[in-house]
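One structure below.
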Amino acid sequence: MFNKCNSTLGNLINFMWFQLIWVLALFTQYEYLWGIVVLLLAFFGVARRPLLDLSVAFCVAFTGVSIDIVLALTGVFEFAGHDGMLPVPLWLVTLWIAFALTLRHSMRYLRSRWFLSAGLAAISGPASYYAGLRIGAVDFGMTVPVTLALLALIWVWLLPAFFMMVSLLERGFESHLMTVQNQELG
Numbered sequence: 036m037f038n039k040c041n042s043t044l045g046n047l048i049n050f051m052w053f054q055l056i057w058v059l060a061l062f063t064q065y066e067y068l069w070g071i072v073v074l075l076l077a078f079f080g081v082a083r084r085p086l087l088d089l090s091v092a093f094c095v096a097f098t099g100v101s102i103d104i105v106l107a108l109t110g111v112f113e114f115a116g117h118d119g120m121l122p123v124p125l126w127l128v129t130l131w132i133a134f135a136l137t138l139r140h141s142m143r144y145l146r147s148r149w150f151l152s153a154g155l156a157a158i159s160g161p162a163s164y165y166a167g168l169r170i171g172a173v174d175f176g177m178t179v180p181v182t183l184a185l186l187a188l189i190w191v192w193l194l195p196a197f198f199m200m201v202s203l204l205e206r207g208f209e210s211h212l213m214t215v216q217n218q219e220l221g
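Just so you know, we're using my numbering here: the sequence shown kicks off at 36 and counts up by one.
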C-alpha cells in the first residue's frame with residue numbers, strides 16, 4: 036500500500052484506516068462525510084498502484100452497493116431519514132469503497148484461502164450490518180435472525196468473488212503493463 040512502509044506495517048495501517056472510516060461512517064453518517072472523503076483521497080495519494088486500486092474500488096463498490104440497493108428496495112434494509120438519489124445513503128457507498136481498498140492490502144492474506152475467507156465473510160459481513168443496526172444506522176425489514184442468515188448466505192459467496200475480481204483486475208493490469216513495456220522496447 037505505502038511506498039515507504041514495509042508490507043506488514045502497510046497492511047496494519049490499511050486495516051486501521053478502514054476501521055476509522057467504518058467508525059466515522061456508522062457513527063456520524065453524514066456529519067463527517069468530508070473526513071471520509073479526505074481519508075479515501077489520502078489512500079490514493081500513497082498507493083503504489085493507484086489506478087489498479089481505483090479499478091478495484093469501482094468494481095467492488097459498484098457490486099456491493101448494487102447488492103445493498105436490491106436489499107433496500109426489497110425491504111431487507113431500511114435507512115431512516117435517507118431520501119437521496121440512491122436507495123442507500125452516500126456514507127454506505129464510501130464504506131464500500133474503503134472496504135474494497137482493503138482487499139489488495141490488509142485482507143490480501145485471505146485471497147487464496149477460499150474456505151477461510153468464505154467462513155470469515157459469513158460471520159463478519161452480517162456482524163457489520165448487525166453493528167449498524169445496534170448503532171441505529173440501518174434497520175432490518177425482516178427479523179434479525181432471518182436478515183443475518185440472508186446476509187451470511189450472500190457474504191459466504193461475495194468475499195471470494197471479490198478476491199477473484201481483484202485477481203482478474205491485477206492480471207489485466209499486469210498484461211497491459213507488459214504490452215506497454217514491450218511497445219516501448221520495440
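Yeah, the Cβ is synthetic: ideal placement off N, Cα and C, and Gly gets one too.
Check	Outcome
Would you kindly check if the distance between the Cβ of Ala166 and the Cβ of Leu61 is under 8 angstroms?	yes
Please go through the same chain and pick out, in chain order, the residues whose beta-carbon is closer than 6 angstroms to the beta-carbon of Val100, but skip the five residues on each side of it.	Val128, Trp131
Apart from the five residues on each side of it in sequence, which residues of its chain come closer than 8 angstroms, Cβ to Cβ, to Asp174?	Phe112, Glu113, Phe114, Ala115, Leu168
Is it buried or exposed, Pro161, if we count other Cβ atoms within 10 angstroms and call 16 or more buried?	buried
Please name the residue or residues paired with Phe175 in a DSSP beta bridge.	Phe112
Looking at C-alpha atoms only, which residue of Gly45, Phe197, Leu203 is the closest neighbour of Phe97?	Phe197
So who's on the other strand from Ala107, going by DSSP bridges?	Ala107 is not bridged to any residue.
For my contact list, Val201 and Val91 are in at a C-beta cut-off of 8 angstroms; report their separation, rounded to the angstrom.	6 angstroms
Taking Thr109 as the reference, give the member of Leu75, Phe208, Leu185, Gly171 with the closest Cα.	Leu185
Work out the CA separation of Ser159 and Val105 for me, nearest whole Å.	20 angstroms
Count the other C-beta atoms from every protein chain shown that fall within 10 angstroms of the C-beta of Arg206, then say buried if there are 16 or more, exposed otherwise.	exposed
Beta-carbon within less than 6 angstroms of Gly176's beta-carbon, same chain only, minus the 5 sequence neighbours each way: which residues are those?	Gly110, Val111, Glu113
One question on the structure: do Leu75 and Ala133 come within less than 8 angstroms of each other, judged by their Cβ atoms?	yes
Does Phe144 pass the burial test, meaning 16 or more other C-beta atoms within 10 Å, or should it be called exposed?	Before going on, a small fix: residue 144 reads as Tyr here, not Phe. Classification of Tyr144: exposed, given that the 10 Å Cβ count is below 16.
Taking just the CA atoms, how far does His117 sit from Ile170?	16 angstroms
Could you tell me the alpha carbon to alpha carbon distance between Leu86 and Phe50, rounded to whole angstroms?	20 angstroms
Does the Cβ of Leu203 have 16 or more other Cβ atoms within 10 Å, making it buried, or fewer, making it exposed?	exposed
Hey, could you find the ends of the alpha helix (DSSP H) Ser163 is sitting in?	149-170
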